[in-house]
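Engineer: Just so you know, we're using our numbering here: the sequence shown kicks off at 998 and counts up by one.
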Amino acid sequence: SLTQPQIPTMTGLSVFAFILFACAAFAKAGAMPFHSWIPDTAEHAPTSVVAFLPASVDKLLGIYLLARVSLYLFHLTGGMKLLLLIVGAFTIIAAVMMALVQHDLKRLLSYHAVSQVGYMVLGVGTLNAIGVAGGLFHMVNNAIYKGCLFLCGGSVEKREGTTNLDELGGLARYMPITFFSCVIAALAISGIPPLNGFVSKWMIYQGVIELGRQGGHVWVIWLIAAMFGSALTLASFVKVLHTVFLGVRAKKRGGPKEVGATMAIPMLVLAILCLAFGIFAYAIPLKGFILPAVSRVLPVPELGRWLGWWSPGLATLFIIIGIVIGLIIYLAGRLKATRSDSMYVGGEILSDDVRMTGADFYNTVSDMGFFRQIYAAAAKHAFDTYDIGRKFSFYFIRGFRAIHTGILPHYLSWMLAGILVLVIILLR
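1) Here's the rule: buried if 16 or more other CB atoms are within 10 angstroms of the residue's CB, otherwise exposed. What is G1251?
2) Quick check on the DSSP output: the alpha helix (DSSP H) that includes I1394 runs from which residue to which?
3) Could you round the C-beta distance between A1183 and L1146 to whole angstroms and report it? I think they count as a contact, below 8 Å.
4) Output the distance between the C-alpha atoms of L1405 and A1414, rounded to the nearest integer angstrom.
5) Can you name the residues that DSSP bridges to P1282?
6) Return the bridge partner residues of P1051 from the DSSP annotation.
7) Using C-beta distances below 8 Å, list every residue in its chain close to H1100, excluding the 5 sequence neighbours before and after it, in chain order.
8) Answer yes if the segment 1406-1425 comes into contact with the segment 1061-1068, meaning at least three C-beta pairs across the two stretches below 8 Å, and no otherwise.
9) Tell me which residues share the same chain as P1191 and place their Cβ nearer than 6 Å to its Cβ, disregarding the 5 neighbours each side in the sequence.
10) What does the alpha-carbon distance come out to for the pair A1379 and Q1370?
11) Does D1384 pass the burial test, meaning 16 or more other C-beta atoms within 10 Å, or should it be called exposed?
12) Return helix, strand or coil for H1072, following the three-state DSSP convention.
13) Can you tell me which of the three DSSP states N1360 falls into?
14) Between which two residues does the alpha helix (DSSP H) carrying V1111 extend?
15) When the Cα of L1106 is compared with those of I1316, I1174 and E1040, which residue comes out closest?
16) Secondary structure at I1004, three-state DSSP: helix, strand or coil?
17) Rounded to a whole number of angstroms, what is the C-alpha to C-alpha distance between R1336 and P1036?
18) Can you give the Cα-Cα distance for T1230 and L1324, rounded to whole angstroms?
19) Could you name the residues of the same chain whose beta carbon sits closer than 8 Å to that of T1044, not counting the 5 residues immediately before and after it, in chain order?
20) CB-CB under 8 Å to L1267, same chain, minus the five flanking residues each way: which ones, in chain order?
21) Given that a residue counts as buried once 16 or more other Cβ atoms are within 10 Å of its Cβ, and exposed if not, what is K1284?
22) Which whole-angstrom value describes the C-beta separation of P1426 and A1126, a residue pair presumed to lie in contact below a C-beta threshold of 8 Å?
23) May I ask you to list the residues that DSSP assigns as paired with N1161?
24) On the criterion of 16 or more Cβ atoms from any shown chain inside 10 Å, does H1032 qualify as buried, or is it exposed?
25) Helix, strand or coil: which one does DSSP assign to K1249?
26) State buried or exposed for N1139, treating a residue as buried only when at least 16 other CB atoms are found within 10 Å of its CB.
As structure tokens, this is what we get:
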């Protein structure tokens, strides 16, 4: 029965069973170390497929399975709870560090899809109402803004014919709808208020802080990992927005047109949902279906206890005022005539091949001694669980190849030996 927690993870068999369930959920959602299929899929599959499966549906199914197993089928003790928290925090940091140094737009977005799974696992791993609700809400939000980001990437690929960041730039003036949608989704995934990603991450932060009431100071590690991951996510999307939309455009590339309505409307709808699920988070998704689901297994306190001083409406008002002031300053600055000259490089005119792009923003990170070794090992699939399993399987299978001699009497001998063993077992 899945109506209430049944199995405490206090025996070896129950722990083993839960780990198998958790590994299945991690593989489906794309949590580390079962994540490597997502970047490979995103790089080669059509963008529409990536936006639908790895970015959205697989996260919903994987995290639903994890929540169902963790909250209903098993009663998790300290060790298994710690396992979820470690996997969540590690996935957040490791995946976003991989995203920082990517030079392919779709591969970069895919690592962010992996990183966001870490927040969901971390939220479920808290096993308290606000943390679990935040993890499930983040699961829904991820489907919205990650789908929007991949659709934006698909629009760029359709018009430019490439997702290589070194070849892109200056698309904001040519593709304003794609640029606007990408900005909203990028801010949402980075946890910037008043967008939906901020609300779900903020709930996960509070869920982690709630762990402090149980004693100890380990919860600080999970909180730092979650908040630092958001900062790195924002840094990564500063690179994306600058390189793809705001950077210097290569002269050899012409001026593309905005995508058609059939591609632009879905991006705009998802961008608007990022705003709506952030500003009206408590009125629509949380009260509508997140909290009712969580209340079936965990006691949910009054919503006012979670709000604190946070007011989505007031925050939105202040943000709008700030945007208006910034726009006025920008327009006022444009009224004044300015003179601009090309860079003087020994009298030479620089070609597009040596132009500065934002793709190399964080090369200093990948060039650091320790990180350089980690990135080099990752490029060789040293941490690829599936590749490691493949190599182990091939190594294991080689031992059986010796008995495949191609001689019929040998095969008959093995068959008779197997039948004899079965007869002995059945007669006991």
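Here a beta-carbon is modelled for each residue, glycine too, at the ideal position from N, C-alpha and C. Note that this is a predicted model, so its numbers are computed, not measured.
Structural biologist: Taking the structure as given:
1) exposed
2) That run of the alpha helix (DSSP H) goes T1382 to R1398.
3) Contact holds; Cβ gap of about 7 Å.
4) 14 Å
5) P1282 pairs with nothing; no bridge assigned.
6) Answer is none; P1051 lacks a bridge partner.
7) N1161, L1162, D1163 and A1356
8) no
9) G1275, I1276, P1309, A1312 and T1313
10) 11 Å
11) D1384 should be labelled exposed.
12) strand
13) Looking at N1360 - three-state DSSP - the assignment turns out to be helix.
14) It spans L1102 to T1123 - the alpha helix (DSSP H) in which V1111 sits, taken as one unbroken run.
15) E1040
16) strand
17) 44 Å
18) 25 Å
19) Apart from the 5 residues on each side of it in sequence, T1044 sits with its Cβ closer than 8 Å to the Cβ of K1103, F1147, L1148, G1150, G1151 and E1154 in its chain, given in chain order.
20) I1141, Y1142, G1144, C1145, L1148, S1178 and A1182
21) exposed
22) Since the displayed the chain opens at 998 and closes at 1425, residue 1426 lies outside it and no answer follows.
23) Per DSSP, D1101.
24) buried
25) coil
26) buried
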